[in-house]
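Student: Okay, handing you the structure first.
Okay, structure coming up:
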């Protein structure tokens, strides 16, 4: 079993098993999740494929199974299913416990989005930085306009739980267990296309990329929950 696949397997195991817990019953909204995940994964996989082809990032075969679709290892494709599943599951669980917590995210979305949009223009010569900050900035400004109520639970989930989970998973994938980002990590990055600022072994852009990935999945998950089950956050 490849290093990358092991990371995905052990990340997925507990959320999957607890999806059937009678107080959670996440499996009952699988249709909403997988529709949302499919819709989000397609553009992210296209983005991933393009960036691999132009050497913005890439993969070390010694940590992979060797199975690929186009330029992407099968593990990388599974990443876009497994990690959002774990995080949307966590979002659903925490939303039960924090249902009575009320605060507005409208101003946060606007300020955060505007800062990222400005930074994307400043660093437009760095592809990973530009596209991540630009896309997330626009999405947050969109959410400011429509003031989606699920954002409160998303922010709580992301900053209480998901960031820690993300640091462990991405830390391993970017070289945390192989001696650092310069010592054959499972996933490598072209520093000329990033700000070259890392937390542990993780490029700072990865935090915003993961935020965008998970926020997009959660947004469409809530959208399809309303369409399929009439459940509104």
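Numbering (the numbering used here), first residue to last: 140 to 372. C-beta atoms are modelled at their ideal positions from N, C-alpha and C, and glycine is treated no differently. Being a predicted model, the structure only gives us computed values, none of them experimental.
Can you tell me whether residue 311 is buried or exposed? The criterion is at least 16 other CB atoms within 10 Å of its CB, across all chains shown.
Tutor: With 16 or more Cβ atoms within 10 Å of its Cβ, residue 311 is classed as buried.
Student: Name the one or two DSSP bridge partners that residue 91 has.
Tutor: Absent from the model: residue 91. The displayed extent of the chain is 140 to 372, so no value can be given.
Student: Taking all protein chains shown into account, decide if residue 156 is buried (16 or more other Cβ within 10 angstroms of its Cβ) or exposed.
Tutor: Answer is exposed; the Cβ neighbour count stays below 16.
Student: In the DSSP assignment, what are the bridge partners of residue 212?
Tutor: 207
Student: How big is the Cα-Cα spacing for residue 361 and residue 171?
Tutor: 8 Å
Student: Tell me the DSSP secondary structure of residue 265 in three-state form.
Tutor: coil
Student: Hey, how far is the Cα of residue 195 from the Cα of residue 297?
Tutor: In this structure, the alpha-carbon of residue 195 lies about 26 Å from that of residue 297.
Student: I need the boundaries of the alpha helix (DSSP H) containing residue 332, first residue and last residue.
Tutor: Counting along the chain, residue 332 falls outside any alpha helix (DSSP H), and DSSP gives it neither H nor E.
Student: Pop quiz: residue 325 and residue 337 are said to be a contact at Cβ under 8 Å. What is the actual Cβ separation, rounded to whole angstroms?
Tutor: Not really, about 15 Å apart at Cβ, beyond 8 Å.
Student: Pop quiz: residue 168 and residue 364 are said to be a contact at Cβ under 8 Å. What is the actual Cβ separation, rounded to whole angstroms?
Tutor: 6 Å
Student: Assuming residue 317 and residue 309 make a contact with CB atoms under 8 Å, what is their CB distance in whole Å?
Tutor: The C-beta distance from residue 317 to residue 309 rounds to 13 Å, too long to meet the 8 Å contact threshold.
Student: What residue does the alpha helix (DSSP H) around residue 170 start on, and which one ends it?
Tutor: 169-192
Student: For residue 305, name the three-state secondary structure that DSSP assigns.
Tutor: helix
Student: If you draw a straight line from the C-alpha of residue 220 to the C-alpha of residue 149, how long is it?
Tutor: 14 Å
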